[in-house]
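K.L.:
Here it is: the structure, laid out below.
Protein chains: 2
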Amino acid sequence: MNSFTEENYLKAIFKLSSPDTDGVSTNSIAEELQTKASSVTDMIKKLSDKKLVKYKKYQGVSLTKKGKIIAISIVRNHRLWEVFLVEKLNFKWDEVHDLAEDLEHINSEKMTERLDEFLEFPKYDPHGDPIPDKNGNVYNHKDVTLADLKQNEKGIVVGVKEHSKSYLNYLESINLVLGAEIKVDDIIDFDRSMSASVNGKKLVNVSHQASKNLIIKKL
Amino acid sequence: MNSFTEENYLKAIFKLSSPDTDGVSTNSIAEELQTKASSVTDMIKKLSDKKLVKYKKYQGVSLTKKGKIIAISIVRNHRLWEVFLVEKLNFKWDEVHDLAEDLEHINSEKMTERLDEFLEFPKYDPHGDPIPDKNGNVYNHKDVTLADLKQNEKGIVVGVKEHSKSYLNYLESINLVLGAEIKVDDIIDFDRSMSASVNGKKLVNVSHQASKNLIIKKL
DNA sequence: ATTTATTTTTAGACTAATCTAAAATTATTT
DNA sequence: AAATAATTTTAGATTAGTCTAAAAATAAAT
């Protein structure tokens, strides 16, 4: 069994890993987990002893197959609980992250599978992030953001790349929730902000900072 | 905020407290939590510093009002999650305790109240234990057990006094689940075992050990 | 190719929770 | 009421996770 802390490190390393680069840096993990680099080094050694990560001093760290399986199952748990909190307990999408952060560590495959079934096998969490299936397969959205659309193009909101409360709150206030249809009416050259219509009517002005974090499916 | 460990001590003290005796002994807490008396003493000091328990050396320990509120809210949480696991995720009554033991420590009043609402404000958990309401009021069953019934008397199963997997499993195998109607057909003087009919037909033989742990409502 | 800056690791200390073994206190017996 | 038994507390060590400050290694800049 692994402690909550160990699981959080695995999750952080998983989140920071990308297919192209091979090692996650100590500093980036420290930043992600709001801790110090020296603490990270200590924990990495422990995870390395447990064969959950591959580690060479000064060369960064990456998950082993075993470590990745654990990380993905935690992500699966997290996202299923988020769906539960929003769909069944009527929480808003900006309220569920911290709770799911705790719930995700309750390790029971049986409970996870039953929860999945109870929720009718959701594919995405309330922020549009894909829920890994029980075999650990994750199907990511294609990475098209609102900022990639040209004038008069349309799309459907399918996710966000930034999960802060303030961003989610803002999106909700202008009806840019999952499933909303958005049409780009105009793009201001100067700052790349957009004026757009949401669901055919609501007119909004969206900064580049905001548009590049909104994942959409082109129509 | 209190750690999981602190919460478990508060819960144990609450469970071991009774209206008539005034202090819970160090040893009984150690027994309940499967730890050593010396560890208990250490933790009690800490809880005492936090004003969660009243403590005088060698004189046993009791909860303060503050400590009791916390203990009851954990019990409330535990029992609500048990209802969730049985009613919504189709777990059996003998499978839910350990999971609820983890879930109970996720402290969010909002989540607890939403869960309560989602479950339609259950009064009892799957073992018939009363769920404290949000103000901390607990309504216990009157303490009548199957062993108190006389020949030809009838009752409804409303709870258990023993929560072991093996006991719960056994009860289920003879249909003695919550709500079952039981009639005492005969009592064997020698060992105080009973033959009884469940729900009007199923004939079972129940040892005194088993009957005295089954809480019933007399009909 | 040195120097400078940045990143990472080590060394040593700290806190929370635990343990063993010994000492102190309370309870029980005779 | 003294002796024995049981319980409880202390003292000192241990483990997990963290931290600061200094040392070591790598990367960047002149």
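If you're matching them up, the sequences are chains A and B in order.
Take any residue in the first sequence, count from 1 to its spot, add 3: that is its number in the working numbering.
Take any residue in the second sequence, count from 1 to its spot, add 3: that is its number in the working numbering.
Beta carbons: idealized from backbone N, C-alpha and C, even for Gly.
In terms of DSSP beta bridges, what is Asn208 of chain B paired with?
P.N.:
Counting from 1 along the second sequence, the entry for residue 208 of chain B is found at position 205. BP columns for Asn208 of chain B point to B:Ser198.
K.L.:
Are there three or more Cβ pairs, one per stretch, closer than 8 Å when the stretch 178-188 of chain A is compared with the stretch 197-207 of chain A?
P.N.:
The answer is yes - the stretch 197-207 of chain A touches the stretch 178-188 of chain A, with three or more Cβ pairs under 8 Å.
K.L.:
Taking any Cβ of chain B, which residues in the stretch 69-94 of chain A have a Cβ under 9 Å from it, in chain order?
P.N.:
Within the stretch 69-94 of chain A, the qualifying residues are Leu88, Lys91, Leu92, Asn93, Phe94.
K.L.:
Does the Cβ of Gly182 of chain A have 16 or more other Cβ atoms within 10 Å, making it buried, or fewer, making it exposed?
P.N.:
Against the first sequence, residue 182 of chain A aligns to sequence position 179. Exposed.
K.L.:
Comparing the C-beta of Ile134 of chain A with each C-beta of chain B, is any distance below 8 Å?
P.N.:
If you number the first sequence from 1, residue 134 of chain A lands on position 131. Chain B contact via Cβ: absent.
K.L.:
Assign Pro129 of chain A to buried or exposed, taking buried as 16 or more other Cβ atoms, counted over all protein chains shown, within 10 Å of its Cβ.
P.N.:
Against the first sequence, residue 129 of chain A aligns to sequence position 126. Its Cβ being crowded by 16 or more others within 10 Å, Pro129 of chain A is buried.
K.L.:
Ser6 of chain A CB to nearest chain B CB: under 8 Å?
P.N.:
Residue 6 of chain A sits at position 3 when you count from the first residue of the first sequence. Output row for Ser6 of chain A: interface = no.
K.L.:
DSSP beta-bridge partners for Gly158 of chain A?
P.N.:
For the purposes of this step, residue 158 of chain A is identified with residue 155 of the first sequence, where counting begins at 1. DSSP lists A:Ile185, A:Lys221 as partners of Gly158 of chain A.
K.L.:
What do you reckon, are the CB atoms on Thr115 of chain B and Arg79 of chain B nearer than 8 Å?
P.N.:
Position 112 of the second sequence, counted from the first residue, corresponds to residue 115 of chain B. Position 76 of the second sequence, counted from the first residue, corresponds to residue 79 of chain B. Result yes, Cβ atoms of Thr115 of chain B and Arg79 of chain B sit closer than 8 Å.
K.L.:
Got a sec? Which residues, its chain only, sit under 7 Å from Leu118 of chain A by beta carbon, not counting five neighbours each side?
P.N.:
Counting from one through the first sequence, the residue named residue 118 of chain A turns up at place 115. Within the same chain, Leu118 of chain A has close Cβ partners Leu83, Phe87.
K.L.:
Assuming the contact rule is C-beta atoms closer than 8 Å, Ile2 of chain B and Glu184 of chain B should be a hit. Round their C-beta distance to whole Å, please.
P.N.:
No answer is possible for residue 2 of chain B: it lies beyond the span of chain B, which begins at 4 and ends at 222.
K.L.:
Give a yes or no on whether 8 Å exceeds the smallest Cβ distance from Phe1 of chain B to chain A.
P.N.:
The structure shown does not extend to residue 1 of chain B, since chain B is modelled only from 4 to 222, so the question has no answer here.
K.L.:
Do the stretch 137-157 of chain B and the stretch 207-215 of chain B meet, that is, are 3 or more Cβ pairs less than 8 Å apart?
P.N.:
Short answer: they touch.
K.L.:
Do you know offhand how far Thr67 of chain B's Cα is from Gly26 of chain B's?
P.N.:
The sequence position of residue 67 of chain B within the second sequence is 64, counting from 1. The sequence position of residue 26 of chain B within the second sequence is 23, counting from 1. One C-alpha to the other measures close to 12 Å.
K.L.:
Whole angstroms are fine: how far does the CA of Asn140 of chain B sit from the CA of Leu171 of chain B?
P.N.:
Residue mapping note: residue 171 of chain B aligns to position 168 of the second sequence, counting from 1. Residue mapping note: residue 140 of chain B aligns to position 137 of the second sequence, counting from 1. Whole-angstrom Cα-Cα distance: 27 Å.
K.L.:
Name, please, each residue of chain A whose Cβ falls closer than 7 Å to the Cβ of Asp105 of chain B.
P.N.:
Here the question's residue 105 of chain B lines up with position 102 in the second sequence. Simply Ile109.
K.L.:
Between the alpha carbons of Asp97 of chain B and Asp105 of chain B, how many angstroms are there, rounded?
P.N.:
Your numbering for residue 97 of chain B matches position 94 in the second sequence. Your numbering for residue 105 of chain B matches position 102 in the second sequence. Approximately 16 Å, taken between the alpha carbons.
K.L.:
What is the rounded straight-line gap between the Cα of Asp23 of chain B and the Cα of Phe17 of chain B?
P.N.:
In the second sequence, counting from the first residue as 1, residue 23 of chain B sits at position 20. In the second sequence, counting from the first residue as 1, residue 17 of chain B sits at position 14. Each residue's Cα considered, the two are about 13 Å apart.
K.L.:
So which residues of chain B does Phe193 of chain A contact, with C-beta pairs closer than 7 Å?
P.N.:
Reading the first sequence from its first residue, position 190 is the one you call residue 193 of chain A. None at all; the shortest Cβ gap to chain B is about 43 Å.
K.L.:
Rounded to whole angstroms, how far is the Cβ of Pro133 of chain A from the Cβ of Lys126 of chain A, which I believe are closer than 8 Å?
P.N.:
In the first sequence, the residue the question calls residue 133 of chain A occupies position 130. In the first sequence, the residue the question calls residue 126 of chain A occupies position 123. Right, their Cβ atoms sit about 7 Å apart.
K.L.:
I'd like the span of the alpha helix (DSSP H) that includes Lys14 of chain A, first residue to last.
P.N.:
By one-based count along the first sequence, residue 14 of chain A stands at place 11. 7-19 is the extent of the alpha helix (DSSP H) around Lys14 of chain A.
K.L.:
What separation, rounded to the nearest whole angstrom, lies between the Cα atoms of Glu35 of chain A and Ala15 of chain A?
P.N.:
What you label residue 35 of chain A is simply residue 32 of the first sequence in a count that begins at 1. What you label residue 15 of chain A is simply residue 12 of the first sequence in a count that begins at 1. Spanning the two alpha carbons is a distance of roughly 7 Å.
K.L.:
For the alpha helix (DSSP H) that contains Leu66 of chain A, what are its first and last residues?
P.N.:
Translated into positions along the first sequence, residue 66 of chain A becomes position 63. Segment 64-66 is the beta strand (DSSP E) holding Leu66 of chain A; no alpha helix (DSSP H) there.
K.L.:
Exposed or buried, which one is Leu206 of chain A when buried takes at least 16 other CB atoms within 10 Å?
P.N.:
Counting from one through the first sequence, the residue named residue 206 of chain A turns up at place 203. By the 10 Å Cβ count, Leu206 of chain A comes out exposed.
K.L.:
Could you pull out every unbroken alpha helix (DSSP H) segment of at least 4 residues lying fully inside the stretch 58-105 of chain B, listed in chain order?
P.N.:
With a minimum length of 4 residues, the continuous alpha helix (DSSP H) runs that stay inside the stretch 58-105 of chain B are 68-90.
K.L.:
Could you tell me the boundaries of the alpha helix (DSSP H) in which Phe121 of chain B lies?
P.N.:
For the purposes of this step, residue 121 of chain B is identified with residue 118 of the second sequence, where counting begins at 1. 112-121 is the span of the alpha helix (DSSP H), which, as asked, contains Phe121 of chain B.
K.L.:
Does chain B have any CB closer than 8 Å to the CB of Phe17 of chain A?
P.N.:
On the first sequence, residue 17 of chain A is found 14 positions in, with the first residue counted as 1. Cβ-Cβ to chain B under 8 Å: no for Phe17 of chain A.
K.L.:
Report the option in A:Ile72, A:Gly131, A:Asp189 whose CA atom is closest to the CA atom of Gly162 of chain A.
P.N.:
Within the first sequence, numbered from 1, the residue matching residue 162 of chain A stands at position 159. Measuring from the Cα of Gly162 of chain A, the nearest candidate turns out to be A:Gly131.
K.L.:
So, Ile77 of chain A versus Glu112 of chain A, is the Cβ gap smaller than 8 Å?
P.N.:
Indexing the first sequence from 1 puts residue 77 of chain A at position 74. Indexing the first sequence from 1 puts residue 112 of chain A at position 109. Contact: no.
K.L.:
In chain A, which residues lie less than 9 Å from Leu55 of chain B when you measure between Cβ atoms?
P.N.:
The count along the second sequence starts at 1 and reaches residue 55 of chain B at position 52. By Cβ distance, chain A contributes nothing, its closest Cβ being about 22 Å from Leu55 of chain B, past 9 Å.
K.L.:
Identify which residue in B:Ser28, B:Val56, B:Lys164, B:Asn155 has its Cα closest to the Cα of Asp146 of chain B.
P.N.:
Here residue 146 of chain B corresponds to residue number 143 of the second sequence, with the count starting at 1. Ranking the options by Cα distance to Asp146 of chain B, first place goes to B:Lys164.
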